[in-house]
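Student:
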Amino acid sequence: MISDPDAIDIPKSYETIPLTDVKVSHHPAGTVEATPVVVMTLNRPEKHNSFTLEMMHAFEKIYPMFDVDERVKVVVLTGAGKMFCAGADLERGFSGMDKERNKDHGDSGGRLALAIHRCRKPTIAAMQGSAVGLGMTMSLPAAIRIGCQKSKYGFVFPRRVLTMESSSSFFLPRLIGYSNALYLLTTGGIFPPTSPHFGTLFQETYPDPNQVVARALEFASEIAENVSSMALYLSRELMRRNPGSAEETHLVDSAVLYHMLSGRDSKEGVKAFFEKRKPNFNATLEGDAPPSFPWWSDVDTGRRPKASKARL
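Numbering (the UniProt record's numbering), first residue to last: 1 to 312.
1. Quick check: Ala-142 and Ile-116, are their CB atoms within less than 8 Å of each other?
2. When we look at the beta-carbon of Arg-277 and count the other beta-carbons within 10 Å, is it buried (16 or more) or exposed?
3. Roughly how many angstroms separate the alpha carbons of Ile-17 and Glu-248, rounded to a whole number?
4. Just the Cα atoms here: how many angstroms apart are Lys-271 and Glu-33?
5. Would you mind giving the Cβ-Cβ distance between residue 318 and Val-74, rounded to the nearest angstrom? I have them listed as a contact below 8 Å.
6. Closest by CA to Leu-19, which one among Ser-245, Asn-43, Thr-35?
7. Hey, out of Lys-267, Glu-237, Gly-269, whose CA is closest to Val-256's CA?
8. Considering only their Cβ atoms, is the gap separating Ser-167 from Ala-113 smaller than 8 Å?
9. Look up Ile-8 in the DSSP assignment and say whether it is helix, strand or coil.
10. Who pairs with Ile-124 in a beta bridge, going by DSSP?
11. Where are the beta strand (DSSP E) runs, 3 residues long or more, that stay fully inside the segment 155-220, in chain order?
12. Given a cut-off of 8 Å, decide if Gly-188 and Phe-157 are closer than it, judged by their beta-carbon atoms.
13. Is Leu-134 near Glu-91, with beta carbons less than 8 Å apart?
14. Identify whether Lys-61 lies in helix, strand or coil by the three-state DSSP scheme.
Okay, here's the thing in structure tokens:
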């Protein structure tokens, strides 16, 4: 485990970074430099985008860049071809994962999920095709999930003699409740995204895969244009990392709120409202974080860069 990772370089263009089994593109297409909306595509369509260690390494490399790159506001995660992700690549087996385990205890799917979870920029999972196992759990740290009504989704672990991975035992019951989570895990079944067993896991569903991706990009553009990245991140962390009681949460909420009210994004938001224009939010966690941040004890998994170096 790396306890003090080196600073990273931010590229001028994410499309020029050589990656295996994953592709990064800017939106709108044809843009040379990084855009507020970037698209992360699982790129093994011939293998139904089944998970590989190369994917994990790509996510661990790219998501920390998204995290500190002020140009990036939202990430859209999708898959190439007909499926979103068929889970682990069973043809390759788990030998490579055994080597990773022996070197660094954490499971590879969990490392990918934490890369998404720890990124300050929200991810929208455009699940344009079916997904099972790790294909489902990698979507759980996303802020929004959009599914295809013609596809099937499921947590099939007990049918593969596996247990929950990718920190899914943390995310899943918090997203859909213990009752639904237990049903999905007990049956190991696959269901359409509109199934009541998923609760509100999928915020929206569409009949056509192209509609799923188009809606995700529309969502992402709307967020990038209108939402303060810092306010969104802090609000998300207030929910995820609350101290456990209403009274303690009140104190934490208040400290963050009052700091934000006097911050530059708040002033810009008010000014943009009266001037009837889109806001230009540019507050950063490095320069504008509340004094109480972080209000939790962070767990060092050794995979968050301490700083960034621009290579623009």
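Cβ atoms here follow ideal geometry from the backbone N, Cα and C, with glycine treated the same way.
Tutor: The structure says:
1. Yes, the pair counts as a contact, with Cβ atoms nearer than the cut-off.
2. Exposed: under 16 other Cβ atoms inside 10 Å.
3. Between Ile-17 and Glu-248, the C-alpha separation is close to 44 Å.
4. The straight-line gap from Cα to Cα measures roughly 29 Å.
5. Residue 318 lies beyond the residue range present for the chain, which begins at 1 and ends at 312; the question has no answer from this structure.
6. The shortest Cα separation from Leu-19 among Ser-245, Asn-43, Thr-35 belongs to Asn-43.
7. Ranked by Cα distance from Val-256, the options Lys-267, Glu-237, Gly-269 are led by Glu-237.
8. Result yes, Cβ atoms of Ala-113 and Ser-167 sit closer than 8 Å.
9. It is a strand residue.
10. Note: Ile-124 sits in a beta bridge opposite Val-76, Ile-144.
11. Within the segment 155-220, the complete beta strand (DSSP E) runs of at least 3 residues are 204-206.
12. If you check the CB distance, Phe-157 and Gly-188 come in under 8 Å.
13. No, they are not a contact pair.
14. Lys-61 falls in the helix class under three-state DSSP.
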